[in-house]
Amino acid sequence: MRPRSSKTTAKTCGLSTPETVDAAIGGGASHIGFVFFPRSPRNLSFDQAAGLAVRVPSHVKRVGVFVDPDDALIEQAIGAARLDAVQLHKTAPDRIAHLRSAFHTEIWAAIAVKTRADLDAAHHYAGVAERILYDAKTPEGALPGGMGVRFDWTLLDGFRHPLPWALSGGLHTDNVGEAIRRTGASLVDASSGLETEPGVKSVDKITSFLQAVAAS
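For the sequence shown, the numbering used here gives the first residue as 14, with consecutive numbering after it.
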């Protein structure tokens, strides 16, 4: 069991309907994730994102999720969804440094984890990102996230995190309490574990997940 300095908060990711956004806000989510990646079943158009973003109060942060995006996509998404932060998968540190400088926004760098050695990549993002998101490494050719895959949480034991961090990868109502107790994560992130099928979020699953986080 790892100690925590404060209560764990939660990001609900890949939301695409008003009902699920409202459920996340009502359940106490600290962050809401909007996906901008055409291959994902959770991908949003800019118009969809704009319509959802207006429902999000200022105390809940809007996070855009991208996979090695170009500047134009980031710029349009920030404007449409009024993003507070940008979460980047498969994006090199020098590219992240450029995006941070160009858009002056909070950056989360996603690290795909399968082995202890994978964690070392986190150190390359010190000074160019505000947060590390540890996610499970998915099979070659698969989507980089939202696949319901988890990694071995014991890999985090004793690791010196270079930045504030969040835990992702295969989290759902039944395991998030254990994940928090085991890792000491102060922020957890769920997507596929809140769905009835890929891209279709469940209000009930969102609600029960956030209740489980609050109870941990």
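Backbone N, C-alpha and C fix where the C-beta goes; we use that ideal spot for every residue, glycine too.
Owing to the predicted nature of the structure, the values given are computational and were not obtained by experimental measurement.
- Rounded separation between Thr22 and Leu207 - CA only: The straight-line gap from Cα to Cα measures roughly 16 Å.
- Pairing CB atoms from the segment 126 to 144 with CB atoms from the segment 90 to 97, are three or more of them under 8 Å? no
- Message: Rounded to whole angstroms, what is the Cα-Cα separation between Tyr138 and Ser229?
- Response: 29 Å
- Message: Quick check on this structure: which residue in Lys20, Ala110 and Ala66 has the alpha carbon closest to the alpha carbon of Ser29?
- Response: Ala66
- Message: So the candidates are Leu180, Arg113 and Asp217; which of them puts its Cα closest to the Cα of Ser199?
- Response: Leu180
- Query: Is Thr33 helix, strand or coil when you go by DSSP?
  - Reply: helix
- Query: So the alpha helix (DSSP H) Gly64 belongs to, where does it begin and stop?
  - Reply: Phe59 to Ala66
- Message: Could you give the first and the last residue of the continuous alpha helix (DSSP H) run that contains Leu223?
- Response: Leu223 -> alpha helix (DSSP H) spans Val216 to Ala228.
- Excluding five sequence neighbours on each side, which residues of the same chain lie with their C-beta closer than 7 Å to the C-beta of Gly183? Ala149, Gly161, Val162, Arg163 and Gly206
- Considering only residues of the same chain and omitting the five flanking positions on each side of Ile219, which have a CB-CB separation below 7 Å? Thr25, Thr33, Ala36, Ala37, Gly40 and Leu207
- Span separating the alpha-carbon of His72 from that of Val226: 18 Å
- Query: For Phe69, which option in Asp84, Leu86, Leu176 and Asp97 has the closest C-alpha, if you only look at C-alpha atoms?
  - Reply: Residue identity differs from the one stated: residue 69 is Val in this sequence, not Phe. The candidate whose alpha carbon is nearest that of Val69 is Asp97.
- Tell me, which residues are paired with Tyr138 by DSSP? Per DSSP, none; premise fails for Tyr138.
- Item | Per-residue DSSP class, three states only, for His72 | coil
- Query: Helix or strand or just coil, what does DSSP make of Ser18?
  - Reply: Confidence in Ser18 is poor, its pLDDT being 47 and thus under 50, which makes the residue's placement too unreliable to answer from.
- What are the uninterrupted segments assigned as beta strand (DSSP E) that are 3 or more residues long and contained completely in the segment 164 to 222, given in chain order? Unbroken beta strand (DSSP E) runs of no fewer than 3 residues, entirely contained in the segment 164 to 222, are found at 178 to 180, 200 to 203 and 208 to 210, following chain order.
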